[in-house]
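What follows is a single structure, written as C-alpha cells, with notes after it.
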C-alpha cells in the first residue's frame, strides 16, 4: 500500500469522479484506475461500486476513507514536524459557523491571505456539531463554534465573546422592553443554534411566547427583518457587517449575555504552522 494510492483513492472519493481526480492530481485517468484496482486487490474488497460510466463509494470504501484521511493528515503532520520554524504554507482547512464566517472573518481572511500567501486557506460553514465532527475526523484543521463542550480528541480555546443584539426595522419604532415585541414574529436559525437557544431562554424567563420562523441564512433573516416582517436576535458582528445598513436598528438587553466563540482542533494534529498562525491572528484581531 502506497501513499500515492491512498491519495488517489481519497481524491476520487472526495470529487466522485476519476476524470476530475486525474485533473487535480495531474495524471492520466488510467493510472488512477490501475492504482485503485491494485489497492482493492491488496485489501480484498471493492472500494467503489461501478455503475455504468459512473461509480460510487462502497460501504467498505466509506470505512477505509476514514483511515485514509487520518493517514494523509498524519503524513502532512510529519512533514510539518521536521521543519516547525518554516513559514506557514500548504492547505489550511478551517470551519466556522455562519455568524462567524459572515460577521467576523471576512476582514481577517483577507489580512491572513496577504500576510501568508503560501497558505491555501479553505473556509467551510456548517452547524457546530458537523464542524466538530469534521475536525475530529481530520476533515478540518480547526473550527470556530459558539458552544463550549467537551469532545473526545478535541482541544479548544476561547477566541472572542459575541454580543447579542435584537434587531428590528426602523419602521417598527424603538424596542425598549419585552412588551414591545407583542404580536411580533421572530426570525431565527433552526433548533440547535446557540443564539436561538439564548433567545428562547430569554423569552421563557420573560413569560413571552412569540412565533419563531426558522431560517438557515442570516441574509434571509436580515432581509425579513428589514422588510418589517418581524425581529431577530443576531450576533453583533452580523449586525455590524450588513444589518445596520439594511434599515435595521439594534437593541441591547442586559439579560441577553454575550456568548463565547471557541476554536477547536484535534489533539493529535501536532505542529501546524498555518493553523497556529491563523489562531494567532484571531487573537490579534479580536482580543
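Numbering (UniProt numbering), first residue to last: 1 to 287. C-beta: ideal position from N, C-alpha, C; glycine also. The model shown is predicted, which means the values in this text are computed figures rather than measured ones.
Query raised in the report: Considering residue 278, what are the terminal residues of the alpha helix (DSSP H) in which it resides?
Result: The sequence position of residue 278 within the chain shown is 278, counting from 1. Counting along the chain, the alpha helix (DSSP H) containing residue 278 begins and ends at 273–286.
**Report entry** Element boundaries [alpha helix (DSSP H), containing residue 261]
**Finding:** On the chain shown, residue 261 is found 261 positions in, with the first residue counted as 1. The continuous stretches of alpha helix (DSSP H) do not include residue 261, which lies in the beta strand (DSSP E) extending over residues 259–266.
Requested in this report: Assuming residue 57 contacts residue 47 (C-beta within less than 8 Å), just tell me the rounded distance between them.
Outcome: Sequence index remark: in the chain shown, residue 57 carries index 57 (1-based). Sequence index remark: in the chain shown, residue 47 carries index 47 (1-based). About 7 Å separates the two Cβ atoms, so the contact holds.
**Report entry** Alpha-carbon to alpha-carbon, residue 29 and residue 91
**Finding:** Here the question's residue 91 lines up with position 91 in the chain shown. Here the question's residue 29 lines up with position 29 in the chain shown. Approximately 24 Å between the Cα atoms of the pair.
Requested in this report: Please work out which residues of its chain come closer than 7 Å, Cβ to Cβ, to residue 42, disregarding the five sequence neighbours upstream and downstream, and give them in chain order.
Outcome: Residue mapping note: residue 42 aligns to position 42 of the chain shown, counting from 1. Within the same chain, residue 42 has close Cβ partners 1.
Query raised in the report: Span of the alpha helix (DSSP H) holding residue 155?
Result: Residue mapping note: residue 155 aligns to position 155 of the chain shown, counting from 1. Premise fails: residue 155 lies in the beta strand (DSSP E), 154–162, not in any alpha helix (DSSP H).
**Report entry** Residues of its chain near residue 208, where Cβ-Cβ distance is below 7 Å and the 5 sequence neighbours each way are ignored
**Finding:** As a working mapping, residue 208 is identified with position 208 in the chain shown. These residues qualify, in order along the chain: 178, 181.
Query raised in the report: With which residues is residue 48 paired in a DSSP beta bridge?
Result: Position 48 of the chain shown, counted from the start, is the residue given in the question as residue 48. Looking at the DSSP assignment, residue 48 forms a beta bridge with 57.
Report task. For residue 234, name the three-state secondary structure that DSSP assigns. Result -> To locate residue 234, count along the chain shown from 1; it is residue 234. Strand.
**Report entry** Contact check, residue 234 vs residue 243, beta carbons under 8 Å
**Finding:** Residue mapping note: residue 234 aligns to position 234 of the chain shown, counting from 1. Residue mapping note: residue 243 aligns to position 243 of the chain shown, counting from 1. Yes, these two residues count as a Cβ contact at 8 Å.
Query raised in the report: Below 8 Å, can you find three or more Cβ-Cβ pairs linking the region 206–224 to the region 187–194?
Result: The region 206–224 vs the region 187–194: in contact.
Query raised in the report: Do you know how far the Cα of residue 224 is from the Cα of residue 255?
Result: Working through the chain shown from its first residue, we reach residue 255 at position 255. Working through the chain shown from its first residue, we reach residue 224 at position 224. Answer to the nearest angstrom: the Cα atoms are 25 Å apart.
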